[in-house]
Structure formats: C-alpha cells, structure tokens
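Notes to accompany the following structure.
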Amino acid sequence: MRGRRWTNWAQHETRDTEPAPPGGRRAETTMYRKTPEILGRRNAGAGARRQLVLDQLCRPRTQTELQDRLGMSRTGTLHLLRRMAQEGLIRPAEKIGVTRIWERESP
Numbered sequence: 001m002r003g004r005r006w007t008n009w010a011q012h013e014t015r016d017t018e019p020a021p022p023g024g025r026r027a028e029t030t031m032y033r034k035t036p037e038i039l040g041r042r043n044a045g046a047g048a049r050r051q052l053v054l055d056q057l058c059r060p061r062t063q064t065e066l067q068d069r070l071g072m073s074r075t076g077t078l079h080l081l082r083r084m085a086q087e088g089l090i091r092p093a094e095k096i097g098v099t100r101i102w103e104r105e106s107p
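In UniProt numbering, the protein residues as written are 1 to 107.
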C-alpha cells in the first residue's frame, strides 16, 4: 500500500510548521547565496566570474579554492580556467598530485 500523496510541500509532515517570513522565502530554501564571493552560474554573467577569478589570483590558488569562491561545479570551473589560460590571462603554476595550482599570467 502506498503512503498518502501530498498535494504540496506545505502539507508534508517533515516540513517546517513556522510560516515563511513576510515578503520572502526562508533562507535555507535558496539554492545560491547572492554574495560577491559566491557568484554561481545563475547569479552572474561570464564577465563577473572571470573578474572574480582574476581578483582571487592575486596570489596562487588551488582549483578547489576557486571553485568554492565561484560556487560552480568542478567541470565548469575547469572549463572556465582552461579558457582563460588559452586566452593568456592565467596559467597553471604547478601540479602536486592531482591538485593544480593556478596563478595570473605575468603582464
């Protein structure tokens, strides 16, 4: 026998019983935080992501650090970094095991 079907999530027993704050959704239901450090694919254009990478590479950083700051997937971050390297903006400084460290290209 199947369980009861819910018509919406507000009726689900594991859902919070507190009403949503006036004029907005709960903070935990938003997928991406709109902060300067976490831009994500849905919150910023390509130019903003590229500028964030260049700003963050004031010192060499690992790919994981950049991925966390961008809020992007591993493959999306790698694709962005490789395109920027192809354009001569950044370069992979070194690779230690499977960790790649990126830095700005010297002007």
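We treat Cβ as the ideally placed atom computed from N, Cα and C, and that holds for glycine. Treat the numbers as computed from the prediction; the structure is a model and nothing was measured.
### Query
Does DSSP put R59 in a helix, in a strand, or in coil?
Here residue 59 refers to the residue found at position 59 of the sequence shown. Coil at R59, not helix or strand.
### Query
Which term fits Q67, buried or exposed, when burial requires 16 or more other beta carbons within 10 angstroms of its beta carbon?
Translated into the one-based positions of the sequence shown, residue 67 becomes position 67. Buried.
### Task
Check the DSSP bridge columns for R104 and list the partner residues they point to.
Against the sequence shown, residue 104 aligns to sequence position 104. Answer by DSSP bridge pairing, in chain order: I90.
### Query
Quick one: Cα of T75 to Cα of R59, how far?
Within the sequence shown, numbered from 1, the residue matching residue 75 stands at position 75. Within the sequence shown, numbered from 1, the residue matching residue 59 stands at position 59. Taking the straight line joining both Cα atoms gives about 22 Å.
### Task
Specify the secondary structure class of R69 as computed by DSSP and reduced to three states.
Sequence index remark: in the sequence shown, residue 69 carries index 69 (1-based). R69: helix per DSSP, three-state reduction.
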